[in-house]
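Numbering (numbering that gives the first Met the number 0), first residue to last: 0 to 356.
Contents: one structure, followed by commentary.
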Amino acid sequence: MKRYRIATIPGDGIGQEVIPAGATVLRALAKSMGSFEFEFENFEWSGDYYRAHGVMMPEDGLDRLRDKDAILFGSAGDPHIPDHITLWGLRLKICQGFDQYANVRPTRILAGIDAPLKRSAAKDLDWVIVRENSEGEYSGVGGRVHKGHAIEVATDVSMMTRIGVERIMRYAFRLAQSRPRKRLTVITKSNAQRHAMVMWDEIAVEISKEFPDVHWDKELVDAATARMVNRPATLDTIVATNLHADILSDLAAALAGSLGIAPTGNIDPERRFPSMFEPIHGSAFDIMGKGLANPTGTFWSSVMMLDHLGEPLAAARLMSAIETMTGNRALHTRDLGGTATTAQVTDAICNSLNESF
Ligand code: ATP
0 MKRYRIATIP GDGIGQEVIP AGATVLRALA KSMGSFEFEF ENFEWSGDYY
50 RAHGVMMPED GLDRLRDKDA ILFGSAGDPH IPDHITLWGL RLKICQGFDQ
100 YANVRPTRIL AGIDAPLKRS AAKDLDWVIV RENSEGEYSG VGGRVHKGHA
150 IEVATDVSMM TRIGVERIMR YAFRLAQSRP RKRLTVITKS NAQRHAMVMW
200 DEIAVEISKE FPDVHWDKEL VDAATARMVN RPATLDTIVA TNLHADILSD
250 LAAALAGSLG IAPTGNIDPE RRFPSMFEPI HGSAFDIMGK GLANPTGTFW
300 SSVMMLDHLG EPLAAARLMS AIETMTGNRA LHTRDLGGTA TTAQVTDAIC
350 NSLNESF
């Protein structure tokens with residue numbers, strides 16, 4: 000029997016609740032499929048780990064993850080530790096260390112979810128946002144000198160490399176080509192940023208020639224926000240820089256009904272290293288420890304992980320169990336206006352997976 004080695008990193012806040020829920024559902028799924036199993040190893044790297052050791056993860060952390068087939072990640076963020084430490088010390092260390100250069104975020108309005116868009120527009124919302132995940136505005140290049148003095152200077156330099164832009168464009172065009180509508184929108188800001196973003200646009204044109212069957216267009220990031228709200232059906236696959244896609248995908252998650260639902264994958268398309276899957280929400284300390292967290296984002300991220308592992312049947316089965324669950328309002332958590340708990344939602348999914356056999 001095939002055995003997948005999965006690292007779980009719950010991290011902070013509700014990550015501690017949704018990741019165990021995800022592992023429970025994946026175990027139930029594997030049992031119901033009978034053709035593969037999971038071997039989980041849990042890593043308690045988090046804000047608490049930082050308080051005890053002064054680092055978010057040990058020095059050999061990446062080596063301990065390297066031989067896994069995939070990573071399921073919760074969230075990193077602690078109200079008492081600066082965000083740049085929790086982010087750069089764990090999540091970004093893994094994304095960059097394993098060159099997970101494509102961050103992929105599907106968005107749909109699932110059955111039974113009330114979303115802010117009119118229902119007629121909502122049925123047309125079916126997007127995948129591809130975020131450049133290794134450079135751009137979040138490359139970490141910059142500095143700060145003369146702290147506290149009038150002459151203080153701080154810079155964050157956006158780095159775009161030809162190789163980095165080519166590979167994310169190629170990934171996005173290929174993904175667009177694999178989807179029924181074969182449509183790609185390239186997000187840009189080359190009207191105001193006249194160096195890197197102009198190169199970004201030029202490379203989009205170059206790469207598009209490799210994909211003559213993909214219909215593609217270009218949209219300024221500011222205009223894209225309005226288009227997402229007013230004409231969602233005109234979008235399908237979307238590719239954007241690290242910062243632009245970060246913002247657009249939170250908008251996408253809100254338009255789809257809740258942050259608690261949205262999934263993401265940090266993918267190494269060349270499969271040299273494990274890819275990492277995570278809900279897009281943060282640690283949500285306001286509801287932690289109360290059993291109220293919506294685990295759907297983690298379940299949907301697990302669907303992406305199964306697809307990546309080459310288990311499309313299992314992925315489809317879990318996605319269908321998720322939509323059956325969201326279609327039942329009695330199973331909506333507080334973020335969706337309901338009263339269901341994390342445990343109730345998890346049990347419901349496990350039961351429906353058992354029943355389907
Ligand atoms: P971080 O600083 O780690 O990004 P945050 O608390 O600032 O975390 P999020 O966790 O992304 O930001 O969420 C904002 C709010 O949305 C939370 O305070 C919480 O009330 C709600 N929320 C987010 N995720 C969930 C979830 N899975 N289930 C229920 N509510 C959620």
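Ideal Cβ positions, reconstructed from N, Cα and C, are used throughout, including at glycine.
Predicted, not measured: the structure shown is a model, and the values here were computed from it.
Taking DSSP's pairing of strands, which residues face residue i in a bridge?
| i | result |
| --- | --- |
| Ile70 | Ala6, Met275 |
| Glu131 | Ala101 |
| Lys217 | Val185 |
| Lys1 | Phe35 |
| Gly264 | Val103, Phe276 |
| Gly142 | Thr154 |
| Trp126 | Thr106 |
| Ala114 | According to DSSP, which records beta bridges pairwise, Ala114 is partnered with nothing at all. |
| Ile237 | Ile128, Thr184 |
Starting from the Cα of residue i, find the closest Cα among the options and give me that residue.
| i | options | result |
| --- | --- | --- |
| Asp11 | Gly76, Val17, Arg26, Leu61 | Gly76 |
| His145 | Ala153, Gly139, Ala253 | Ala153 |
| Arg270 | Asp82, Trp126, Pro57, Ala101 | Ala101 |
| Ser351 | Thr323, Cys94, Ala342, Leu91 | Thr323 |
| Trp243 | Glu134, Leu291, Leu174 | Going by the sequence as given, residue 243 is His instead of Trp. The residue with the shortest Cα to Cα distance from His243 is Glu134. |
| Gly326 | Lys289, Asp68, Leu116, Ala110 | Ala110 |
| Leu291 | Asp334, Glu310, Ala320 | Asp334 |
| Glu151 | Glu36, Arg143, Ala175 | Arg143 |
| Arg104 | Met287, Asn265, Ile321 | Asn265 |
| Gln95 | Gly139, Gly147, Leu25, Ser74 | Gly139 |
| Gly14 | Tyr137, Glu43, Asp66, Tyr3 | Glu43 |
| Ile237 | Ala51, Ala203, Ala69 | Ala203 |
| Phe35 | Gly337, Leu330, Ile321, Leu308 | Leu308 |
| Thr206 | Leu234, Ala175, Thr233 | Here the sequence assigns Ile to residue 206, which means Thr is not the residue at that position. For Ile206, the nearest C-alpha among the options comes from Ala175. |
| Ser248 | Phe72, Val17, Val129 | Val129 |
Are there three or more Cβ pairs, one per stretch, closer than 8 Å when the region 295–310 is compared with the region 250–260? yes
Starting from the N-terminal side, write out each stretch of the beta strand (DSSP E) that is 3 residues or longer and does not extend beyond the region 6–90. 35–41, 69–74
Stretch-stretch touch, CB-based, cutoff 8 Å, three pairs: the region 85–94 with the region 195–214: no
Would you check if the region 300–307 and the region 267–277 touch, i.e. whether three or more CB-CB distances between them fall below 8 Å? With a cut-off of 8 Å, the region 300–307 and the region 267–277 count as touching, because enough Cβ pairs lie within range.
Closer than 5 Å between the C-beta and any heavy atom of ligand 2: which residues qualify, listed along the chain? This structure lacks ligand 2; the ligands present are ligand 1.
Taking one C-beta from the region 156–168 and one from the region 219–226 each time, how about it: are there three or more such pairs within less than 8 Å? no
Between the region 336–352 and the region 55–68, do at least 3 Cβ pairs fall closer than 8 Å? no
Does the region 279–293 come close enough to the region 306–321 to have 3 or more Cβ pairs within less than 8 Å? no
Should the region 180–189 be regarded as contacting the region 208–223, the criterion being three or more beta carbon pairs within less than 8 Å? yes
Kindly provide the ranges of any alpha helix (DSSP H) runs that are 4 or more residues long and lie completely inside the region 284–322, ordered along the chain. 295–308
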